[in-house]
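To convert, count from 1 in the sequence shown and add 2; that's UniProt numbering.
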Amino acid sequence: GTGIRIEGLRKRYGSGDTAVDALQGVELQVAPGEVIGLVGPSGSGKSTLLKCLGAVIDPTAGRIVLGDEVIYDNGWQVRDLRALRRDRIGFVFQAPYLIPFLDVTDNVALLPMLAGVPNQEARKRARELLAALEVEHRAKAMPAQLSGGEQQRVAIARGLINRPPVVLADEPTAPLDSQRALGVIRILNDMAQQYQTAVIVVTHDEKIIPTFKRIYHIRDGVTHEEEGEGRVI
Ligand code: ADP
Ligand code: ADP
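Next comes the structure, spelled out in structure tokens:
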């Protein structure tokens, strides 16, 4: 795969006098197996970029390649964005959004089950991932019984269960203490290496910023690439 490649991406909201140019020619690349940070002040265009990458909104111009697939090329888009979102992109949000009436294993196994993987097989895969994330002992618990840190690790397992070539994480460590926040980044790095996933972490969390080897700063809809400290966790 090619990871993520974004070229000349523009997004205009509205038109005429009230138009807002939220993205003004974004250039960004993430290699398979790489985890990069995306950092910028409020209103700089982070959510807009994530929404374009997640095929939640259409960009106005530019090109997005995810894995081997061109999903946008100057207005052209692949036909089945829903399948793309389901199979190609893992989402990790700031809030875990676990389903309260399913236990931890089924929260993680739900996506492959819905995609037609036999329940036993889906649950086995979920357990393996929960073990890697060190929450296997909570496999039969309900979400409300978990600590915040545990819920977040379950949400990460759910985001990775289909082994998507691309993971988009929006402030994944915001509610976590320093040790747990670094733990989440270590897991994202390990998973990226293991499955050759390209990971974008949107964050302003000072605890994790030193861990990135590369950081994209975004301001007024334009990105600037910078070398990070790449601190080993
Ligand atoms: P961030 O996530 O970095 O806070 P956003 O992508 O949400 O930035 O916003 C970028 C710019 O686009 C801001 O000026 C914001 O006001 C504007 N914007 C975001 N969403 C909309 C929308 N739906 N309609 C109009 N303007 C929007
Ligand atoms: P973390 O740092 O992972 O958030 P905590 O130190 O908060 O973990 O929690 C330690 C243990 O207490 C965990 O096993 C967790 O399941 C349990 N726990 C934490 N909060 C709750 C809660 N609100 N209800 C039930 N169990 C909880």
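In this text, a Cβ means the ideal position worked out from N, Cα and C, and glycines have one as well.
In the DSSP output, what is residue i paired with across the bridge?
i: residue 225; result: 220
i: residue 38; result: 202
i: residue 26; result: 12
i: residue 122; result: Answer is none; residue 122 lacks a bridge partner.
i: residue 197; result: Paired residues: none, contrary to the question.
Where does residue i sit, in a helix, a strand or coil, going by DSSP?
i: residue 9; result: strand
i: residue 55; result: helix
i: residue 136; result: coil
i: residue 31; result: strand
i: residue 232; result: coil
i: residue 65; result: strand
Around the C-beta of residue i, are 16 or more other C-beta atoms found within 10 angstroms, so that it is buried, or is it exposed?
i: residue 214; result: buried
i: residue 70; result: exposed
i: residue 46; result: buried
i: residue 13; result: buried
i: residue 237; result: In the structure as shown, the chain starts at 3 and stops at 235, and residue 237 therefore has no counterpart that could be examined.
i: residue 166; result: buried
i: residue 124; result: buried
i: residue 116; result: exposed
Report all residues from its chain with a CB closer than 6 Å to the CB of residue i; omit the five preceding and five following residues, and keep chain order.
i: residue 226; result: 219
i: residue 198; result: 34, 35
i: residue 175; result: 183, 186, 207, 210
i: residue 30; result: 8, 218, 225
Here's a check: name, in chain order, each residue in its chain whose Cβ is nearer than 8 Å to the Cβ of residue i, leaving out the five neighbours to either side.
i: residue 142; result: 105, 106, 107
I need the residues with a C-beta less than 5 Å from some heavy atom of ligand 1; please give them in chain order.
15, 22, 24, 44, 45, 46, 47, 48, 49, 50
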